[in-house]
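Have a look at the structure below, then the notes.
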Amino acid sequence: QALGNLVGAALAQLPPEDEAVGPPYSLREREKGCLGAMGAGQWTGQYRTRPHALLDVRQFASVEDWVQGLPRGARRTLIKANSQNFCVFSRPIYGDKPAPHSSLAHFRCVVAHEVRLLADSPD
């Protein structure tokens, strides 16, 4: 019972799923952060993270051509996202404001993605 009360109180304090949270960062702090594991620090060798790559799209005439070359699991993910009214939009990051992707929903998405990667990892 006591654990249930603690969990209930903690859940009641969570922000809405899509609300940006966290302290605001100045533009200088954001620029410095861009050198981190997903920024210049990755390709300068300062950080060891999973490899990322840019896609050379010159060989594709359409998005459908690109999709056809994806593994079956990736195609299934795209079909699922499309059936759920998936859309892409821009969320610019401004200094002295929380990053727009610093929401609970984004955190849950990243954690789910990492768990899938770790589950598929041979290590």
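When you read off a place in the sequence shown, starting at 1, and then add 302, the result is the number in the numbering used here.
For glycine and all other residues, C-beta sits at the position ideal for the given N, C-alpha and C.
**Request:** Give the range of the alpha helix (DSSP H) segment to which N384 is assigned.
**Result:** 374-385
**Prompt:** With 16 as the cutoff for other CB atoms within 10 Å, does Y327 come out buried or exposed?
**Reply:** buried
**Prompt:** With 16 other CB atoms within 10 Å as the buried threshold, where does S385 fall?
**Reply:** exposed
**Message:** For A414 and H408, I'd like the C-alpha separation in whole angstroms.
**Reply:** 10 Å
**Beta-carbon proximity list for C411, same chain, < 7 Å, skipping 5 on both sides** = none
**Message:** Within a Cβ cutoff of 6 Å, which residues of the same chain sit near H354, ignoring the five residues on either side of it in sequence?
**Reply:** Below a pLDDT of 50, predicted positions are generally treated as unreliable, and H354, at 49, falls in that range; no measurement from the model is reported.
**Item:** Cα-Cα separation, L308 to Q315
**Value:** 11 Å
**Item:** Proximity below 8 Å, CB of E319 to CB of S404
**Value:** no
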